[in-house]
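Protein chains in written order, with this note's numbering: chain G, -5 to 510; chain Y, 778 to 1424. C-beta atoms are modelled at their ideal positions from N, C-alpha and C, and glycine is treated no differently. Each remark here refers to the structure printed beneath this line.
Written out as structure tokens, the structure is:
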């Protein structure tokens, strides 16, 4: 390796990242200089255009397999996951930008106004939503793109912060139930910072471990770490404590038990479109990073980390499935469902070889679209005080609004893994390779917990269709064009990936090869 | 004629569908589209929706019949149709394909034929129900899923249909949501089915792991090369799935409770079709089951045990639909016994399945007709003397009665007795055990069905005061009854002569082999007819003068039977109690999301001061503590692994 001399930067390879970050900076400028009235009409198309441009660049890069600047790996998994993040972000942006369902959108106009003050009530009724939502979310998307392509732990850490900080802020920006929203943001921030510290500590230990390589310099890029796992003379305690701590930082973002504790509160408190964005895109980013770390950097220690992470996976599935049974709030129910899905995804991460890798990537896309559709419906079921998320309020929804109840039913069936939906094919795609890789216990735990998990979902279905609507059953708002589009895309993807998953599976399969 | 173990199967291969048979997908598509139309159009379809539902199933029946006839002309009577690659990545390949062979064919005819009649009946039966259109939509959905189940050409497709019928069944049981019992029963059916479904799902994954495929032909051709233990585990998991769906021991408790749904549902799903899916699964997988003698022994034992459990409990019940339900459990026990015996006896089980589909649907619809006339009452102790008032129902029910008890020359004789015979044809002492059980079951069946029949239609009136005179059901309900009654009377003879040859002609099934069992043929004939007549006469003599209208004190056996032989208590101890405990514990741990009644419960357990110790308290500090604890555990685990403590 040549020292001091940087390899030339492959701008095309990092173009998606540059586009998103550039658009975010532009968005900040728009916020500063464009009149308030025009901000929303400018910001949303800007963000969407940026996402589409970045997506185009990902497609253009389809055959690239390079590591540029030493720290960004652009290879099959990177491109697939970046494409997934961008596609899901586009749908999430439609939800974030919706203003027809509620006057001014789901976001508060001025977050600095004291919650529940008279002024706050006035702005909840009248004022348009905050425009900074768009630059914040584009920053987050940019950070996620770096996160899944980061080829060294330090870059990964920076990317983690780049996409986490905007999310903390966005969590606090709900228009209604602002105290709950602010509480969620505070918790997310404190615990997120806490988890980042674990990651950083682990990174330091790994760096120390690589110092034991005789023939090359210490470093935290994955090639060096990989070499160190095989050859380092340093104490393996450094390595394993380091792997554990790095894993904890990532598992926190992935919402795996016992690092999931923030998830229900944050999912419940955050503005619903943002919850959808986090459930879809943050999951892709977190698992993208987990895949790369464990398949590239720590590949050599596979037989040591698999039992521990396997236990984490089983615990995650159990926690998600069992707690979901007792939930009475639809957003918390979906939060626990997302935790359980993190467990299934971990099964994919732990399957050796490209089968597990492609299965996990397929799962991420399939789950992302379904969960976005689910939260899109949640934004629509509302009464005068905003969204009605308590499950008792959903009783008899099928009578009042059969179409939306049917859509939600379909989405829940997909979560339950009923065949003909992407929920079935994606579970199939991760469990199959896991079994081939000999992880029978994980698959059995997965099948059993998914059987349990089907119960809370179907309980909601029965509640919607077979209960008499009460006086408190809210109406379903007529969705604006944006939410409708998001819903249609989410549901269609769930259906198509359930009935004909073959093309995307092939794509994932052909992309399942890391550059090292 | 007696039957023996199957000879090793020849290679299984399926021809590609062409001509008429290449449109076999229409069978699934037609009811599916109809269900979608009914659901999507909403109230606009209320006036004519039920007729669309009936027409869709009728059309599927006619199509099925033409495919079935089309199959006759072919040399290889098994054709498959690949619609598209469902999953084809690396080692995984799943075809989205259909298989139409004699086994699938007879199921298609049963499902659509009996299904059509029951749909027709339901038009009138549900006439006063505001949700009739929705009911027909779910009914059509069920038919589509059931057809997919029997038509798939691999286990994944079967699983699709399997989950689909489970879902439709859950929705249809809960259909009368105003009855809390219906909702509870729906839940119970769902949960117990999940136990079975988990078995099936894991079995499919094992096929992937060991054979790399789930296509029927490849699995069957590859199973010979598998280790004995693997085949055993695979078969036991398939059996678990089958037992869950078919209400066999130890998962039988949900089926009688499922009777809370509307009567046509009981007739279609919980008597004629869905509950026989388990038999289909084992019959379809007969090559796997034949590959391991232990496996066959387990299937036969489950069948024999269940047929006795069902028959004994059936004797002690007073609810007309529950008696029929326990009778279904018992009759499916016979089918399991048949499929478990292996070889050509499996074809006998299918014959019994088809015959049972007719006579049990007939009797369920008859029970519905009685309920229709008796203000929806179900207690046979408060019936009696109805025969005079409901001639058609009486006569058609009588046809079902003589059919199920197996009196020569009615359908049950042709379908059940060969199974008894085949059980006696086993080697050694097991012949006496299983043959004896089948024989005893036949006697018990005769007894409880006669009791049901006599108490309902004959003897003195014991009606409740609000009933003046039961009225016969309208014509639209009587026509299906009459047609099913004809099928019940004559179907068995017809089926028993043609179906076994037709089924065994399929590649992969062993030829029939003459074999002398523990008892000669004639002895079995006289024994079986003897116990049947004995049971029936006993039932007639005991109950011709009616019975007390309130429960009477009873001995140990009857009390046990009334309490479902304590199987519910076992289920409660194994599934329900831990479930309730777990739910309470979880509420205790995550009290943020719970309120109302549930919260009161949690407070009762935890008390206010316990709040801090709960996991999901909402306090950041406790979250951070739990993350730290988790982190310490993970780090410790990693170091432990590294130190080789687990090696």
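Buried or exposed: residue i, going by 16 or more other Cβ atoms within 10 Å of its Cβ?
i, result
"residue 1018 (chain Y)", "buried"
"residue 1298 (chain Y)", "exposed"
"residue 910 (chain Y)", "buried"
"residue 188 (chain G)", "buried"
"residue 388 (chain G)", "buried"
"residue 26 (chain G)", "exposed"
"residue 1206 (chain Y)", "exposed"
"residue 227 (chain G)", "exposed"
What separation, rounded to the nearest whole angstrom, lies between the Cα atoms of residue i and residue j?
i, j, result
"residue 1058 (chain Y)", "residue 1027 (chain Y)", "18 Å"
"residue 421 (chain G)", "residue 310 (chain G)", "15 Å"
"residue 49 (chain G)", "residue 75 (chain G)", "11 Å"
"residue 1210 (chain Y)", "residue 372 (chain G)", "59 Å"
"residue 1131 (chain Y)", "residue 914 (chain Y)", "25 Å"
"residue 1086 (chain Y)", "residue 1092 (chain Y)", "10 Å"
"residue 1390 (chain Y)", "residue 928 (chain Y)", "Low confidence applies here, because residue 1390 (chain Y) scores a pLDDT of 37, under 50, leaving its location unreliable and the question unanswered by this model."
"residue 475 (chain G)", "residue 950 (chain Y)", "38 Å"
"residue 349 (chain G)", "residue 863 (chain Y)", "16 Å"
"residue 249 (chain G)", "residue 85 (chain G)", "22 Å"
"residue 1178 (chain Y)", "residue 327 (chain G)", "50 Å"
"residue 1141 (chain Y)", "residue 1133 (chain Y)", "12 Å"
"residue 257 (chain G)", "residue 194 (chain G)", "22 Å"
"residue 1180 (chain Y)", "residue 1119 (chain Y)", "25 Å"
"residue 184 (chain G)", "residue 1030 (chain Y)", "50 Å"
"residue 1000 (chain Y)", "residue 876 (chain Y)", "19 Å"
"residue 408 (chain G)", "residue 415 (chain G)", "5 Å"
"residue 944 (chain Y)", "residue 919 (chain Y)", "8 Å"
"residue 454 (chain G)", "residue 291 (chain G)", "43 Å"
"residue 916 (chain Y)", "residue 358 (chain G)", "34 Å"
Identify whether residue i lies in helix, strand or coil by the three-state DSSP scheme.
i, result
"residue 853 (chain Y)", "coil"
"residue 994 (chain Y)", "helix"
"residue 357 (chain G)", "helix"
"residue 1378 (chain Y)", "At residue 1378 (chain Y), the pLDDT of 34 sits below 50, so the modelled position is not reliable; the number obtained from the coordinates is stated separately. Residue state, collapsed to three classes: helix."
"residue 931 (chain Y)", "strand"
"residue 377 (chain G)", "strand"
"residue 1426 (chain Y)", "Outside the shown range of chain Y (778 to 1424) lies residue 1426 (chain Y), about which nothing can therefore be said."
"residue 874 (chain Y)", "strand"
"residue 1163 (chain Y)", "coil"
"residue 34 (chain G)", "helix"
"residue 1305 (chain Y)", "helix"
"residue 729 (chain Y)", "Outside the displayed span of chain Y (778 to 1424) sits residue 729 (chain Y), for which this structure offers no information."
"residue 389 (chain G)", "coil"
"residue 509 (chain G)", "coil"
Compute the beta-carbon to beta-carbon distance between residue i and residue j, rounded to the nearest angstrom, for a pair I have assumed lies under 8 Å.
i, j, result
"residue 888 (chain Y)", "residue 1105 (chain Y)", "Contact doesn't hold; Cβ gap of about 16 Å is too wide."
"residue 369 (chain G)", "residue 487 (chain G)", "Not quite, the Cβ-Cβ distance comes to about 14 Å (not below 8 Å), so this is no contact."
"residue 315 (chain G)", "residue 446 (chain G)", "4 Å"
"residue 38 (chain G)", "residue 91 (chain G)", "4 Å"
"residue 275 (chain G)", "residue 61 (chain G)", "About 24 Å; that fails the 8 Å criterion."
Tell me whether residue i counts as near the ligand FMN, meaning its Cβ is closer than 7 Å to at least one heavy atom of that ligand.
i, result
"residue 857 (chain Y)", "Only the bare structure without any ligand can be found here, which leaves the ligand FMN out of the picture."
How far does the alpha helix (DSSP H) with residue i in it extend, from its first residue to its last?
i, result
"residue 278 (chain G)", "277 to 286"
"residue 788 (chain Y)", "From DSSP, residue 788 (chain Y) is part of no alpha helix (DSSP H); its letter is neither H nor E."
"residue 204 (chain G)", "172 to 204"
"residue 1089 (chain Y)", "1070 to 1093"
"residue 895 (chain Y)", "879 to 902"
"residue 1137 (chain Y)", "1122 to 1150"
"residue 1242 (chain Y)", "No alpha helix (DSSP H) contains residue 1242 (chain Y), which DSSP labels as neither H nor E."
"residue 306 (chain G)", "296 to 319"
Check for me: the beta strand (DSSP E) holding residue i runs from which residue to which?
i, result
"residue 62 (chain G)", "60 to 62"
"residue 66 (chain G)", "66 to 68"
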